[in-house]
Amino acid sequence: MDTTAEVSAREAEVLALLGEHLSNAEISTRLFISVRTVESHVSSLLRKLQATDRRALAQRAAGIARAAAEAESSMATATATSTATATSTATATATAASTTPAPATAAAPTLASVPTPALPQPLTPFVGRTQECAELAELIRTHRQVVAVGPGGVGKTRLALAVAERVAEEFTDGVWFVDLVQVTEPGLVGATVAGALGVGEQPGRALPESVAARLDDRRALLVLDNCEQVRDGVAPFLERLLGACPRLTVLATSRARLMVPFERVYQVPPFSLAGGGESDAVALFASRAAAVGWVPDPAQRERVAEVCGRLDGMALAIELAAARLPTLGLDGITAALSDPLRMLAGGSRADDRHRSVRAALDWSHALLEPSDQMLLRRVSVFVAPFAVTSAAEVTGAEIGLVADGLARLAEQSLLTVTASGGGTTYRAPETIRRYGMERLTTADELADVRLRHLRWCLARAAELAKAGGSDWRARFDAVADDLRAALAWAAEDAEQRADAYRLAQDLAIATFTRQLIGESQRRYEQAAGLADDPAEAAAMLRQAAAVAGCRMRGDDLHRLRLEAADAARRSGDDGGAARDLATAASDAYRFASKFVRALSPEEAAWLIAEAQQLAGGDPAAAAAVALAEAGRMLTESFAVEQQQQSGPDSDPDSSFSSRSDSDSSSTSTSRSDSSARSDSSAIVAATIACAEKAVDLARRTGDPLAESAALDTLAGAQSWAGEAFAATATALRRVALLESVPDTDTPAGTLELIEALGEATEATVGTGDLAAAKRWAGRLADHPLLAEVGHRATAGLLVADALAGDVAEVLAVSDRFLEAWQRSGSPAKSILGPAAAGVAMVHGLRGDQDAQRAWDAVLRQLGSSPWETYGYGAVFDALVLLHRGQAREALERVTPGPDEVWRWVTWTWLHWYVALRAEAAVLAGSPDARDRLAEARAAVAGNPIADALVERAEALLDGDRERVLATASVFDAAGCRYQSARTLVLAGGQDAVRGAAAIAELGLAAMATAATPA
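If you count by this note's numbering, then the sequence shown holds residues 9 to 1022, one letter each, in order.
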């Protein structure tokens, strides 16, 4: 491995974070660079450090960090020095003798760039195969799906790697290599490919979909190695992937065809024997023999050709024979391949080749000491690289003897060894591992060794279930494939059912912590299926339901709640079943946007009625039923209110065409409106009372997560009623409650916390507490579950920063939002609209019309809605128009009164809307400006920013310059820098000069002003 390769400072930072086993999106968030830039750095590091894959880079980083720590601890200096960071240490170590630092940053690669192929760098040279390389390369150029097929040991992997490297420049968007040898379940193929690409799981999207979005329209080559054991997973994965990615080409290796559409099969032949001593087969033998110090003379090359002929040109068999030269010599190898161990006559040529490898394995095995034979077959149970201590635990041998034995097996090329800062690990090549498993069966040791391996896996899984430590991800990744393999066989063994249940449960916990939430849900469901006790099954299904909620899979959430209810009833727990049924109903109300199929009113009513019957005297069940009833009342009341406001078939735009003549409304209409408002007030009061009852009952149960769910519904009822400050208080109470809970990292706790942080962000934006809004939004942006969906993670932060006038923050965060949104397939989610509108507003204030138009286009893609037209869209548009001095246009944008657009402005935007409406009326010289000011004062009382906006507008109308200036300090205290600077400009005189300078310092265009009101 090249230890003197020059690594830039930025690459060193990326390497350090790879050591933490972060995905590309997580690294981009940490370093504030694009995902594409991260990809470029990872590819460069693979080349410079000659690493095989991301795991190898992670091991290299861990070794560098450990060496740095040891070096620091040994340093004794009188002067206190700052602790070297892992990043700077990685730079110093990787650059070695290099004295010229590379630039600290790198531009994101364009589609025209050619990324370094992320291909493993084999330790031995590639030999021969000129014709095969040309043939396979041509197939890749002319077909999108090529499968290199051949028996184990024929050399499929090395040929595929060589060809991929040769054609890499033709794939301008990259080449990726994915080894599926450790994958034991077809359903994990997509996750394995995602991991190799550095793609994490996105809530609301399956990992295969994330992989497709990542590759999308890229001209790329994906190499999938060792597909045979998971063909049932590879075939559908590739079919969907190739359909979604029209410029992608896939090269797979397998012992058998994949049977996918458009598949082109290339049969990999053995090494050529043509030419005798000058053949490719002899060249391979000579190359591998040279590594152990043997160089054949011309006369010996013919004898080598004879050996290669007996081995039928099979690559693995030739390499095993070459490894034996130091101990056997050519004579010994020839004798070992004499008649008793030669392949049998007859049969197909393919069968002969299989027997050639088997013969080489047989005599290699026969030459081992009995203790080494035992060690080889027993460590074959590991599917992933393993350490000496793990091998000792599973084989039942003394650790010193195991260490010596593993070293001898590695010397004979029966194991591969990897040394890194994290320690030395061993691994049997797949063909040899399978041979070892056969030997386990023959020795009648399979059951015993598997059981030892299962016990080892249970211990590792139990440790991982207790998340903690900076190296947790690395520890999980190192053993995850073995945990899955052990679970796969244990789940099929009736005698191991209890252990399989424990392993599935612990693996579900660990995969959730690792952000593999799709697998976590499956493991919880698997644990439920393995549980002998239906009460335990119900508990696992509830956890699975919570994970489905975190994944934004509402339909799965609902299905699992119902399955949990069934399991609870089978266990005799009617109260638990009542809770599950009621929660299924309330989930449908609380998380409606996560559902594909909306819950019908009839089904919801049935669930609640059934839950009421089963609840009995169970307090938790009573609380769950009360919450479901509150959710139903809120949903139904909101629908009734909408119909009363505009009628079920009316066009909402028609109500807002012109409201200047609203005084001409008929008396009968006024009476009707008055009656409707009276009815509405009664409905509002009843709904809030129902929600408060649910909160009280939940609090009495002592279950903070149940109380959080009830507070969520109460906040919704209060916001719908226009009680913004009450809703904010409830939202903050909910966050404070969850912060006091130690287990918010569980699936149920995570689901509640993410929803609560989003709710608190919106609430505090709505009531003018931007500092709090930024605090809650920042926690949401940093939540690990949202790392792969940066558009969702940063949406609230962008809104708060935009309203505060923190331009630099908006510009930085908006890059993450946009890239993540595009990487997710540019979903049309109207909930993202406020963030996009806020960024567009900032660019409008900056005077960057091109950028503003680009973000307006994003906003249109997100989907227009009345919420955008009459809510946040009106607020952000009015801010830009007022900045440009277009007060009349701003007034037109916010013409409808708050009572007319209540549905779209009640929650976050009511105070902002009415305050800006009042300011626009004053600056536009509207004759009803004082009426609008009075209306606004009553609506925004208690909101510091909206209060100050109204106060400033009234002071402008009164010509009271001192009162205008007094609002600047209010804006400063509220963290609203833009409005503070705007106040100075509006005040005029020398203050206007200071204000203009403050506007420019924020990075905004000069502010135009309308004529000061008389």
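Note that CB positions come from ideal geometry on N, CA and C, so glycine has one too.
Proximity below 9 angstroms, CB of residue i to CB of residue j
{"i": "G212", "j": "R559", "result": "yes"}
{"i": "Y986", "j": "L1010", "result": "yes"}
{"i": "L23", "j": "E34", "result": "no"}
{"i": "V207", "j": "E796", "result": "yes"}
{"i": "A297", "j": "L333", "result": "yes"}
{"i": "S832", "j": "L806", "result": "no"}
{"i": "L292", "j": "A168", "result": "no"}
{"i": "V888", "j": "G852", "result": "yes"}
{"i": "V930", "j": "A956", "result": "no"}
{"i": "A780", "j": "L740", "result": "yes"}
{"i": "A801", "j": "A828", "result": "yes"}
{"i": "A723", "j": "S594", "result": "no"}
{"i": "D456", "j": "V391", "result": "no"}
{"i": "L215", "j": "R152", "result": "no"}
{"i": "R569", "j": "P627", "result": "no"}
{"i": "D588", "j": "A572", "result": "yes"}
{"i": "L635", "j": "A714", "result": "yes"}
{"i": "A289", "j": "C316", "result": "yes"}
{"i": "Y274", "j": "V396", "result": "no"}
{"i": "V191", "j": "A145", "result": "no"}
{"i": "G160", "j": "T424", "result": "no"}
{"i": "R492", "j": "A516", "result": "no"}
{"i": "T769", "j": "A810", "result": "no"}
{"i": "I616", "j": "E637", "result": "yes"}
{"i": "E47", "j": "R481", "result": "no"}
{"i": "A518", "j": "F484", "result": "yes"}
{"i": "V312", "j": "A294", "result": "yes"}
{"i": "E381", "j": "L338", "result": "Here residue 381 is Gln; the residue named in the question, Glu, does not match the sequence. No, these two residues do not count as a Cβ contact at 9 angstroms."}
{"i": "G232", "j": "E173", "result": "In the sequence as presented, Gly is not what sits at residue 232; that position holds Leu. No."}
For residue i, the three-state DSSP class (helix, strand or coil)
{"i": "R1002", "result": "helix"}
{"i": "Q894", "result": "coil"}
{"i": "A17", "result": "helix"}
{"i": "T180", "result": "coil"}
{"i": "S150", "result": "The identity of residue 150 in the sequence shown is Thr, whereas the question assumes Ser. T150 falls in the helix class under three-state DSSP."}
{"i": "A323", "result": "helix"}
{"i": "C984", "result": "coil"}
{"i": "Q190", "result": "coil"}
{"i": "H29", "result": "coil"}
{"i": "W829", "result": "helix"}
{"i": "F646", "result": "helix"}
{"i": "S372", "result": "helix"}
{"i": "S388", "result": "coil"}
{"i": "D858", "result": "helix"}
{"i": "R783", "result": "helix"}
{"i": "Q237", "result": "helix"}
{"i": "E406", "result": "coil"}
Residues that DSSP places opposite residue i in a beta bridge
{"i": "Q275", "result": "V157"}
{"i": "Y434", "result": "F394, V425"}
{"i": "S262", "result": "V157"}
{"i": "S790", "result": "Per the sequence shown, the amino acid found at residue 790 is Asp instead of Ser. The partner list for D790 (beta bridge, DSSP) is empty, contrary to what the question assumes."}
{"i": "F185", "result": "V231"}
{"i": "T257", "result": "L229"}
In chain order, which continuous runs of the alpha helix (DSSP H) of length 4 or greater are located wholly inside the stretch 730–760? 732–747
Below 8 angstroms, can you find three or more Cβ-Cβ pairs linking the stretch 406–415 to the stretch 329–339? no
Take every Cβ of the stretch 913–925, pair it with every Cβ of the stretch 724–739, and state whether three or more of those distances are shorter than 8 angstroms. Contact between the stretch 913–925 and the stretch 724–739 is present, because at least three Cβ pairs lie under 8 angstroms.
Between the stretch 230–249 and the stretch 258–272, can you find at least three pairs of beta-carbon atoms closer than 8 angstroms? yes
Where in the stretch 479–529 do unbroken runs of the alpha helix (DSSP H), each at least 4 residues long, occur, reported from the N-terminal end onward? 480–498, 505–521
Specify whether the stretch 455–470 and the stretch 412–422 touch according to this definition: at least 3 beta carbon pairs, one from each stretch, less than 8 angstroms apart. no
If you scan the stretch 583–607 from start to end, which runs of the alpha helix (DSSP H) of 4 or more residues do you find wholly inside it? none
Three or more C-beta pairs below 8 angstroms linking the stretch 688–704 and the stretch 608–625: no
Contiguous alpha helix (DSSP H) assignments of at least 4 residues, all confined to the stretch 535–571: 542–558
Is the number of C-beta pairs between the stretch 194–207 and the stretch 782–793 that are closer than 8 angstroms three or more? Flag = no, the stretch 194–207 and the stretch 782–793 do not touch.
Between the stretch 882–899 and the stretch 927–944, do three or more beta carbon pairs fall short of 8 angstroms? Pairwise C-beta distances place the stretch 882–899 in contact with the stretch 927–944, as three or more of them are shorter than 8 angstroms.
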